[in-house]
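K.L.:
Quick one: the structure is below, and I'll ask about it shortly.
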Amino acid sequence: MSQRSMRALRRECEAGLADLPIPAPFGIPELVANMEAARGRRIVLRELPDRLARVNSACGLRLKAGETSFVLYRRRPTTYQTQHVILHELCHEWFDHGTSLDAEQLRRLLPVFDTSLISRVMESGTTVQARAQYDTHDERVAELGASLIPRMAREVPSDDMVGRLANSLARPVAHRRRGFFLRDFFRRD
281 MSQRSMRALR
291 RECEAGLADL
301 PIPAPFGIPE
311 LVANMEAARG
321 RRIVLRELPD
331 RLARVNSACG
341 LRLKAGETSF
351 VLYRRRPTTY
361 QTQHVILHEL
371 CHEWFDHGTS
381 LDAEQLRRLL
391 PVFDTSLISR
401 VMESGTTVQA
411 RAQYDTHDER
421 VAELGASLIP
431 RMAREVPSDD
441 MVGRLANSLA
451 RPVAHRRRGF
461 FLRDFFRRD
């Protein structure tokens, strides 16, 4: 992807996330609650048990049916990676991305599920997205959005004592190149 198209994708993503109700302090359950209130849809997060996970199965999956969206995710080696998978699927929800998988792709990504179950899900008109490939525009938007949300969350001011302390420690008084240094004090002009 060229620099120009990456910048355009970032602008598109930032514009789409501008109204995302990011909680302060940030947390996935709080973000989900805010998204539910903003969109009027129920969002259910569920971790896929290890016994259902396969090496080539999806890291995350979003099923959108009726007034409820289900976000299924596999626990990753680190908390950060698991959060990223969840945020990726929540970005699909926020941007209201449509179906991007067919029944055969879903069967390959979720081999532990019965073929008839997958067929019924697909025939019911349920929107299905799985985090396993990144070659579509929707996947790129969701992937970038999952990276931007934690950064945006750090910029949300918090009124509680812990939030104010974290905010003050996260932003040093001066940038090193612009700061006051001892050598500047002894400089001869």
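Residue numbering for the sequence shown follows the working numbering, starting at 281 and increasing by one per position. Ideal Cβ placement from N, Cα and C applies to all residues, glycine included.
Threshold first: 4 residues or longer. Then list the alpha helix (DSSP H) segments lying entirely within the region 330-376, N to C.
P.N.:
Listed in chain order, they are 359-375.
K.L.:
Taking C-alpha atoms, which residue in Asp-299, Ala-288, Asp-330, Arg-354 lies nearest to Cys-371?
P.N.:
Of the candidates Asp-299, Ala-288, Asp-330, Arg-354, the one whose C-alpha sits nearest the C-alpha of Cys-371 is Asp-299.
K.L.:
Using a Cβ distance threshold of 8 angstroms, determine whether the region 417-425 contacts the region 345-360, with at least three qualifying pairs required.
P.N.:
Not touching, per the Cβ criterion.
K.L.:
Exposed or buried, Ser-396, counting other C-beta atoms within 10 Å across all chains shown (16 or more means buried)?
P.N.:
Answer is exposed; the Cβ neighbour count stays below 16.
K.L.:
Between Gly-425 and the rest of its own chain, which residues show a CB-CB distance below 8 angstroms, the 5 nearest in sequence each way excluded?
P.N.:
Excluding residues within five positions, the ones whose Cβ falls inside 8 angstroms are Cys-293, Gly-296, Leu-297, Leu-367, His-368, Cys-371, Trp-374, Phe-375.
K.L.:
Taking Ile-323 and Val-351 to be in contact with their CB atoms under 8 angstroms, please state how far apart those CB atoms are, rounded to whole angstroms.
P.N.:
Rounded, the Cβ-Cβ distance is 6 angstroms, consistent with contact.
K.L.:
If you compare alpha carbons, which of Arg-400, Ala-317, Val-312 is closest to Arg-326?
P.N.:
When each option's Cα is compared against that of Arg-326, the closest is Val-312.
K.L.:
Please report the distance separating the alpha-carbon of Gln-283 from that of Ser-427.
P.N.:
In a straight line, the C-alpha of Gln-283 is about 17 angstroms away from that of Ser-427.
K.L.:
Should Met-441 and Ile-302 be called a contact, given that it needs their Cβ atoms to be closer than 7 angstroms?
P.N.:
No. Outside cutoff.
K.L.:
Nearest by alpha-carbon distance to Pro-349: which of Cys-339, Ile-308, Glu-316 is it?
P.N.:
Strictly speaking, residue 349 in this sequence is Ser, with Pro absent from that position. The candidate whose alpha carbon is nearest that of Ser-349 is Glu-316.
K.L.:
Let's see if you can read the secondary structure: which residues bound the beta strand (DSSP E) around Arg-326?
P.N.:
322-328 is the extent of the beta strand (DSSP E) around Arg-326.
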